[in-house]
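Note sheet for the following structure.
Residue numbers (my numbering): 121 to 285.
Quick look at the structure:
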């Protein structure tokens with residue numbers, strides 16, 4: 121019989137701990153584990169970097185969404201850029217920090233409904249409208265990835281799930 125590798129945890133997490141009283145199974149997402157830590161980290165950095173580029177592009181246009189929009193858009197862009205650089209060059213677990221620009225982009229998107237959102241029927245060009253909607257979509261994607269990280273479906277570098285091939 122083969123010996124247990126030293127890096128493997130012999131006290132594996134029991135899925136039965138998540139079975140609620142009166143139920144036979146744990147919640148569906150407790151059974152899904154995706155162990156691609158470096159790819160997940162690269163995906164997170166790419167999504168937030170795309171959001172930084174898009175908010176920077178939106179800030180440079182002449183379309184007036186609401187008064188003081190440049191300050192808000194530049195702040196979100198800078199936060200996204202800082203997150204992207206830190207995520208690319210450090211081993212820090214900065215996922216909580218990424219919530220700030222992600223939620224900020226969503227608040228900006230829905231807050232602009234009180235002003236003039238840059239949509240085509242409001243007079244914006246197609247590129248600006250696409251950038252506006254994609255920036256909000258990047259915030260939604262980040263929130264979904266963050267939920268998956270916290271729930272245990274995904275794992276991001278430097279963490280792993282202890283799998284050995």
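Beta carbons are placed, not taken as given, at the ideal position from N, Cα and C, and that holds for glycine.
In the three-state DSSP reduction, residue 274 falls in the strand class (E or B). Its chain contains 192 and 196 as the residues whose beta carbon lies nearer than 7 angstroms to that of residue 228, once the 5 sequence neighbours on both sides are disregarded; these appear in chain order. Burial state of residue 259 is buried, judged by a 10 Å Cβ sphere holding 16 or more other Cβ atoms. Bridge partners of residue 196 according to DSSP: none are assigned.
Annotated three-state conformation of residue 154 is strand, per DSSP. Taking all protein chains shown into account, residue 274 has 16 or more neighbouring C-beta atoms within 10 Å of its C-beta and is therefore buried. Rounded to the nearest angstrom, the gap between the Cα atoms of residue 234 and residue 186 is 8 angstroms.
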